[in-house]
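*Asks:*
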Amino acid sequence: MIRDAESILRICGIGSYLHIGCGESKLVFDLLKRSVDAYGMDPSQEIIEKNLAYAPGRFIHGSLSNYPFKPESFDTIIIGIELFNFNTDHLSAVLKTLHSLTKRNLIIYFPPDVINMIPPQRAEANRLFWEKIAIEAGFRHHPRSMLHTPYHEYENEKISNMIFFERVAPKALNDFPLSWLLATRDLHMDMLREAGRRADGHVSRYVLAASKIRPGDTVLDAACGLGYGTAVLAACSPGAKFIGVDIDETSVAYANANFAASNPAISYHTCDVAKLAFIPDHSIDVVVSFETIEHLQDYDLFLTEVKRVLKPDGRLIGSVPNLWCDETGKDPNPYHYHVFDWKKLYHAIGKHFIIEDRWAQTAGGGFKLRNGKRELRHVPITLPDNIETEWWIFSACADPRSAKSIPYSNPFCKQDAAIPTVVDFGKYYANPWIYRTMVQLGERIANRDILILFCVSIANELPPGSPDHGAALCVLSYQILESGLINTQDVQKLISAINKFDENYDRQNPHAWRWAISLHYVGARILLMTGNREDALATFITCAEMDPLRFSPLLATKTISARMYAGLILAGNGDLEKAHEQFSLGVKEARRVLQSDWKDAIGDIELPLSFGLQEIAEVADIASQCAQAVNAIERQGTVPGYFWDRINLRRFGIVEWTKSVERENESLRQQIQLLATSNMMKTEVCA
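Heads up: the sequence shown is residues 1 to 687, going by full-length UniProt numbering.
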């Protein structure tokens with residue numbers, strides 16, 4: 001039940017809940033423990049009295065036929081077992097009643113033991129049955145549903161323990177009933193009000209795109225149709241503003257009525273996607289446009305317009321059908337002007353953007369691969385492209401390298417707010433637009449090989465000693481360190497480049513100072529990895545003696561870690577006294593930096609930088625390892641294993657440890673993907 005409560009809150013959030021037919025389920029209690037205003041209702045007086053003994057006032061005797069509350073009294077209604085009291089033919093009417101009772105959401109909820117009791121031959125045992133009757137009753141798929149059940153798991157169409165729906169507003173339902181959608185289905189479809197594999201496929205792309213949207217982003221959904229995708233982007237991402245455009249006025253009216261009316265962050269406009277005159281230059285962070293360019297006679301005009309409206313550190317995420325053509329080589333869809341394979345798509349997009357990632361998607365049940373399964377596979381760009389798939393999905397970055405003259409828009413601060421030094425890229429970088437594309441974890445270029453090439457170009461093009469140059473060297477160094485593959489010649493070149501930066505950087509530029517510290521740290525790590533312990537020790541100590549407060553207390557993650565590594569090298573050499581000194585200095589440094597002004601770490605206390613406190617916690621965590629080492633160093637001489645156990649609790653910091661696990665998991669995922677793709681290609685060749 002704990003997992004169920006967490007899943008429910010992830011999709012529907014905090015609000016008022018009513019669990020109809022709660023029985024002896026612990027779900028209401030689990031919601032109450034999480035600060036949720038939750039109630040349970042059951043027709044059994046005995047069960048209600050039993051539950052009331054543990055949560056007075058939270059359980060009510062009643063049922064759907066004896067409902068004691070006014071309509072729209074709860075944000076979310078949860079119901080499951082109670083539905084089996086009704087004949088299948090009557091369930092549609094029951095769900096229409098629930099539509100009037102809930103304010104926002106409906107969750108059809110069956111615990112695993114109940115699911116196992118449903119005979120598989122019954123219609124109710126199929127998820128699509130519940131989806132269809134809920135949609136007919138005035139609901140739509142909840143736009144966050146696929147955060148709970150990933151796309152590929154929808155291939156199992158047996159009923160799952162939770163199905164999430166969102167109420168369509170009565171006015172929108174009246175103006176655009178399901179009959180209207182069915183009548184216009186050949187032109188546009190609202191995939192949140194469709195059941196089946198094609199709808200699942202379309203929605204899943206927007207969930208994928210949402211994962212590439214950054215906090216505060218302004219997002220454009222170009223050729224948005226009925227606007228459901230814009231709503232999914234808004235529901236599943238940390239973006240701030242969402243603009244949908246489509247050339248069809250009626251579609252835009254539908255989108256405004258169904259989605260913009262309830263979410264002020266969303267707006268829709270009637271517009272030709274190749275003529276976005278109302279959108280200023282370089283004002284959009286992410287453009288999402290699925291299955292668009294095959295519909296445009298001159299798609300290059302559209303891509304040129306996307307390039308105009310995108311910020312220099314923005315992204316384009318899109319898709320095309322893959323080789324949808326008959327035996328003549330023509331696409332039978334009369335609305336398609338072009339047939340794409342990956343090579344043609346890569347050429348079209350690559351003319352304007354840096355293509356960083358791609359996915360192959362299949363839904364089945366359509367023109368191509370009719371018997372295909374729901375599948376969304378990440379396919380590294382370095383792999384061959386002769387893969388049988390229905391659609392190619394791509395992610396591409398704008399190229400910020402020629403954008404120095406474009407006024408910088410800082411994503412971390414509002415225009416009228418003072419910008420903390422730690423994120424003041426506009427003031428201290430030669431080209432601040434490169435930061436998110438190259439440096440920011442979770443936001444930068446996704447493909448490692450492409451990222452490395454980008455870093456090399458920045459390191460070669462921008463002045464030695466500039467923060468831009470230092471950032472490029474540092475990111476490049478970490479890519480090499482994380483790969484685990486580096487020869488002596490490459491190490492010498494890298495250390496030489498780091499030393500050149502150290503000779504040239506401006507000591508008064510806090511961001512250049514930041515990269516100097518980081519480069520000493522990562523350089524020492526690389527030296528250590530290649531077995532050069534003596535030079536690594538000297539470089540760690542040089543790093544540790546630099547003052548992180550000239551940039552931010554957050555930079556102490558590097559200086560304190562450097563003390564930790566220096567102490568470990570000395571302990572391994574048998575010099576326990578000097579090792580103790582390094583560990584002790586790490587603790588003292590943490591005390592010093594944590595007593596400094598936190599403004600340089602979190603900015604405005606009323607609107608703190610989201611990453612600041614997390615990294616402050618990492619500073620304390622790394623220092624705690626130094627403290628453990630101070631207290632356990634004497635055991636290194638007698639029981640070395642005990643000493644290692646004491647200092648290895650977090651692997652030098654929560655964030656660093658988590659990143660290491662993520663890197664290892666990603667490496668394993670890529671190996672599995674490569675193996676799966678290789679096997680698939682072998683199968684296709686044999687076939």
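By construction, the Cβ of each residue, glycine as well, lies at the ideal position given by its N, Cα and C atoms.
Please classify H347: is it buried, with 16 or more other beta-carbons within 10 angstroms of its beta-carbon, or exposed?
*Replies:* Along the sequence shown, read from residue 1 onward, the residue named residue 347 stands at position 347. Exposed: under 16 other Cβ atoms inside 10 Å.
*Asks:* Between which two residues does the alpha helix (DSSP H) carrying T539 extend?
*Replies:* Locating residue 539 in the sequence shown gives position 539, where the first residue counts as 1. Residues 533-544.
*Asks:* Output needed for I48: all residues of its chain with C-beta closer than 6 Å, excluding positions within five of it in sequence on either side, in chain order.
*Replies:* Translated into the one-based positions of the sequence shown, residue 48 becomes position 48. Counting only Cβ-Cβ distances below 6 Å, and skipping sequence neighbours, we find D42, F59, H61.
*Asks:* How should S466 be labelled, buried or exposed, when 16 other C-beta atoms within 10 angstroms of its C-beta is the threshold for buried?
*Replies:* As a working mapping, residue 466 is identified with position 466 in the sequence shown. Per the 10 Å Cβ criterion, buried.
*Asks:* Answer yes or no: do D313 and W391 have a C-beta to C-beta separation smaller than 8 Å?
*Replies:* Here the question's residue 313 lines up with position 313 in the sequence shown. Here the question's residue 391 lines up with position 391 in the sequence shown. In this structure, D313 keeps its C-beta atom at 8 Å or more from the C-beta atom of W391.
*Asks:* Can you look up C626 in the DSSP assignment and give me helix, strand or coil?
*Replies:* In the sequence shown, counting from the first residue as 1, residue 626 sits at position 626. In this structure, C626 counts as helix in the three-state DSSP scheme.
*Asks:* At which residue ranges does the region 584-625 contain complete alpha helix (DSSP H) runs of 4 or more residues, listed in the order of the chain?
*Replies:* 599-602
*Asks:* Here's the rule I'm using: 16 or more other beta-carbon atoms within 10 Å means buried, otherwise exposed. How should R370 be labelled?
*Replies:* Residue numbering aside, residue 370 sits at position 370 when the sequence shown is read from its first letter. Looking at its Cβ environment, which holds fewer than 16 other Cβ atoms inside 10 Å, R370 is exposed.
*Asks:* Which value, in whole angstroms, describes the spacing of the CA atoms of A55 and L95?
*Replies:* The sequence position of residue 55 within the sequence shown is 55, counting from 1. The sequence position of residue 95 within the sequence shown is 95, counting from 1. For A55 and L95, the distance between alpha carbons rounds to 29 Å.
*Asks:* Quick check on DSSP: helix, strand or coil for Y109?
*Replies:* Looking up residue 109 in the sequence shown gives position 109. In the structure shown, Y109 sits in a strand (DSSP, three-state: E or B).
*Asks:* At what residue ranges does the UniProt domain "Methyltransferase" (18-104) contain a whole run of the beta strand (DSSP E), taking only runs of 3 or more?
*Replies:* 37-42, 59-61, 74-79
*Asks:* Just grab the DSSP bridge partners of residue 693 for me.
*Replies:* Lying before the first or after the last residue shown, residue 693 is absent from the chain, which here runs from 1 to 687.
*Asks:* Can you tell me which of the three DSSP states A417 falls into?
*Replies:* By 1-based counting over the sequence shown, the position of residue 417 is 417. In the three-state reduction of the DSSP assignment, A417 falls in the coil class, being assigned neither a helical nor a strand state.
*Asks:* Going by C-alpha distance, which of P380, I349, C474, V168 is nearest H99?
*Replies:* Residue mapping note: residue 99 aligns to position 99 of the sequence shown, counting from 1. With distances taken between Cα atoms, H99 lies closest to V168.
*Asks:* Tell me whether the beta-carbon of L276 lies closer than 8 Å to the beta-carbon of V245.
*Replies:* Taking the sequence shown and counting its residues from 1, the one referred to as residue 276 is at position 276. Taking the sequence shown and counting its residues from 1, the one referred to as residue 245 is at position 245. Against a cut-off of 8 Å, the Cβ pair of V245 and L276 comes out as a contact.
*Asks:* Kindly indicate which three-state DSSP category G216 falls into: helix, strand or coil?
*Replies:* Your numbering for residue 216 matches position 216 in the sequence shown. In this structure, G216 counts as coil in the three-state DSSP scheme.
*Asks:* Let me make sure I understand the geometry here. Which of I526, C22, L128 has the alpha-carbon closest to that of R198?
*Replies:* Stepping through the sequence shown from its first residue, residue 198 is reached at position 198. If we check each option's Cα against that of R198, L128 comes out closest.
*Asks:* Reducing DSSP to helix, strand and coil, say where P280 ends up.
*Replies:* Here the question's residue 280 lines up with position 280 in the sequence shown. Correct three-state label for P280: coil.
*Asks:* What does the alpha-carbon distance come out to for the pair S596 and F583?
*Replies:* If you number the sequence shown from 1, residue 596 lands on position 596. If you number the sequence shown from 1, residue 583 lands on position 583. Near 21 Å, if we compare the C-alpha coordinates of F583 and S596.
*Asks:* Since L9 contacts R34 with CB under 8 Å, what's their CB separation in whole angstroms?
*Replies:* Here residue 9 refers to the residue found at position 9 when the sequence shown is read from its first residue. Here residue 34 refers to the residue found at position 34 when the sequence shown is read from its first residue. With a Cβ gap of about 6 Å, L9 and R34 count as contacting.
*Asks:* Check this for me: beta carbons of I115 and I79, under 8 Å apart or not?
*Replies:* The count along the sequence shown starts at 1 and reaches residue 115 at position 115. The count along the sequence shown starts at 1 and reaches residue 79 at position 79. It is not a contact, given that the beta carbons lie outside the stated cut-off.
*Asks:* I need the straight-line Cα distance from K171 to F259, nearest angstrom please.
*Replies:* As a first step, residue 171 must be located in the sequence shown, where it is residue number 171. As a first step, residue 259 must be located in the sequence shown, where it is residue number 259. In a straight line, the C-alpha of K171 is about 12 Å away from that of F259.
*Asks:* Hey, how far is the Cα of Q45 from the Cα of H142?
*Replies:* Sequence index remark: in the sequence shown, residue 45 carries index 45 (1-based). Sequence index remark: in the sequence shown, residue 142 carries index 142 (1-based). If I take the Cα positions, the gap works out to 33 Å.
*Asks:* When we look at the beta-carbon of F652 and count the other beta-carbons within 10 Å, is it buried (16 or more) or exposed?
*Replies:* Within the sequence shown, the letter at position 652 stands for residue 652. Bear in mind that a pLDDT of 44 at F652, under 50, signals an unreliable position, so the model cannot answer this.
*Asks:* When you compare only the Cα positions, how much space is there between S402 and A497?
*Replies:* In the sequence shown, residue 402 corresponds to position 402, counting from 1. In the sequence shown, residue 497 corresponds to position 497, counting from 1. Going by the C-alpha atoms only, they are around 24 Å apart.
*Asks:* Leaving out the 5 sequence neighbours to the left and right, which residues in its chain are closer than 6 Å to S16 when beta-carbon positions are compared?
*Replies:* For this step, residue 16 is matched to residue 16 along the sequence shown. These residues qualify, in order along the chain: D37, F74, D75.
*Asks:* Name the DSSP beta bridge partners of residue 730, please?
*Replies:* Beyond the ends of the chain as shown, which are 1 and 687, falls residue 730; an answer cannot be given.
*Asks:* Under 8 Å, do L101 and P71 count as touching if we go by C-beta distance?
*Replies:* Locating residue 101 in the sequence shown gives position 101, where the first residue counts as 1. Locating residue 71 in the sequence shown gives position 71, where the first residue counts as 1. Yes, the Cβ-Cβ distance between L101 and P71 is below 8 Å.
*Asks:* Does the region 547-557 come close enough to the region 413-424 to have 3 or more Cβ pairs within less than 8 Å?
*Replies:* yes
*Asks:* Starting from D313, trace the beta strand (DSSP E) both ways and give me its first and last residue.
*Replies:* In the sequence shown, residue 313 corresponds to position 313, counting from 1. Residues 310-321.
*Asks:* To which residues does DSSP link C397 through a beta bridge?
*Replies:* The residue you call residue 397 lines up with position 397 of the sequence shown. DSSP, once it has assigned bridges, lists R315, I354 as partnering C397.
*Asks:* For V661, does the count of other Cβ atoms within 10 angstroms reach 16, so buried, or fall short, so exposed?
*Replies:* Here residue 661 refers to the residue found at position 661 when the sequence shown is read from its first residue. At V661, the pLDDT of 48 sits below 50, so the modelled position is not reliable; the number obtained from the coordinates is stated separately. Its Cβ having fewer than 16 others within 10 Å, V661 is exposed.
*Asks:* Where DSSP assigns a beta bridge to Q361, which residues make up the other side?
*Replies:* On the sequence shown, position 361 is the one that residue 361 refers to. Answer is L376, W391.
*Asks:* Here's the rule: buried if 16 or more other CB atoms are within 10 angstroms of the residue's CB, otherwise exposed. What is I266?
*Replies:* For the purposes of this step, residue 266 is taken as the residue at position 266 of the sequence shown. With 16 or more Cβ atoms within 10 Å of its Cβ, I266 is classed as buried.
*Asks:* Would you tell me roughly how many angstroms separate the C-alpha atoms of L18 and Y39, rounded to the nearest one?
*Replies:* Counted from its first residue, the sequence shown places residue 18 at position 18. Counted from its first residue, the sequence shown places residue 39 at position 39. Those two C-alpha atoms are separated by around 5 Å.
*Asks:* Does the Cβ of W180 have 16 or more other Cβ atoms within 10 Å, making it buried, or fewer, making it exposed?
*Replies:* If you number the sequence shown from 1, residue 180 lands on position 180. So W180 counts as exposed.
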